[in-house]
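The sequence shown begins at 0 in numbering that gives the first Met the number 0 and counts up one residue at a time.
Ideal placement from N, C-alpha and C gives every residue a C-beta, glycine not left out.
Bear in mind the structure is a predicted one, so any value in this text is a computation, not a measurement.
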Amino acid sequence: MLNDSLRNKLEHLSDRLQEIEGLLADPSVIGNQNRFRELSREYAEIKPIVENYIQYHDTLASIESAREMAADSDRGIREMAEEELTQTRERAAELEQELQILLLPRVPRRQRQRVPGNTRRYRR
0 MLNDSLRNKL EHLSDRLQEI EGLLADPSVI GNQNRFRELS REYAEIKPIV ENYIQYHDTL
60 ASIESAREMA ADSDRGIREM AEEELTQTRE RAAELEQELQ ILLLPRVPRR QRQRVPGNTR
120 RYRR
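Set out below in structure tokens:
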């Protein structure tokens, strides 16, 4: 489960994404190439994080729904709910781990140095 500070950060990023979407549709921003480029980069950077957070939030809702089903008096429904709980808990853990990776600070391109002999690895 995500801690409160992480959840607050993700909520802020979600709000910021909506704000950027509005700004990118603004004719005054469209006319300013530098501002448009800056906002487009920020949008591209935070969109995957917000999409992952939405999936995580939806998965938590599925877990809650499965918990309610697990309390049903019908044995078949309880078994189905237990299976659903197992799967959604695993998915929530995966998404949480992905979120933590996505939230790691990125090294700006200008600060990257190529490791000699390897075109895919960088160091600070």
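Please work out which residues of its chain come closer than 7 Å, Cβ to Cβ, to residue i, disregarding the five sequence neighbours upstream and downstream, and give them in chain order.
{"i": "Tyr-52", "result": "Leu-9, Ser-13, Leu-98"}
{"i": "Ile-76", "result": "Met-68"}
{"i": "Ser-72", "result": "none"}
{"i": "Gln-86", "result": "none"}
Within its chain, find whatever has a CB closer than 8 Å to the CB of residue i; leave out the 5 residues flanking it on each side and keep chain order.
{"i": "Leu-84", "result": "Ile-62, Ala-65, Arg-66, Ala-69"}
{"i": "Tyr-55", "result": "Leu-1, Ala-91, Leu-94, Glu-95, Leu-98"}
{"i": "Glu-18", "result": "none"}
{"i": "Leu-16", "result": "Tyr-42, Ile-45, Lys-46, Val-49"}
Anyone know if the C-beta pair for residue i and residue j falls short of 8 Å?
{"i": "Ile-48", "j": "Leu-5", "result": "no"}
{"i": "Tyr-42", "j": "Leu-59", "result": "no"}
Cα-Cα, which of the options is closest to residue i?
{"i": "Glu-20", "options": "Gly-30, Lys-46, Asn-33, Leu-1", "result": "Lys-46"}
{"i": "Pro-104", "options": "Arg-88, Glu-78, Glu-82, Glu-44", "result": "Glu-44"}
{"i": "Asp-57", "options": "Glu-78, Arg-88, Arg-74", "result": "Arg-88"}
Within the same chain, show all residues whose beta-carbon is closer than 6 Å to that of residue i, passing over the 5 residues directly before and after it, in chain order.
{"i": "Asp-25", "result": "none"}
{"i": "Glu-50", "result": "none"}
{"i": "Val-28", "result": "Leu-22, Arg-34, Phe-35"}
{"i": "Ala-80", "result": "Ala-65, Met-68, Ala-69"}
**Asked** Looking at C-beta atoms only, is the number of pairs between the stretch 28-43 and the stretch 85-95 that lie closer than 8 Å three or more?
**Response** With a cut-off of 8 Å on Cβ pairs, the stretch 28-43 is not in contact with the stretch 85-95, counting fewer than three such pairs.
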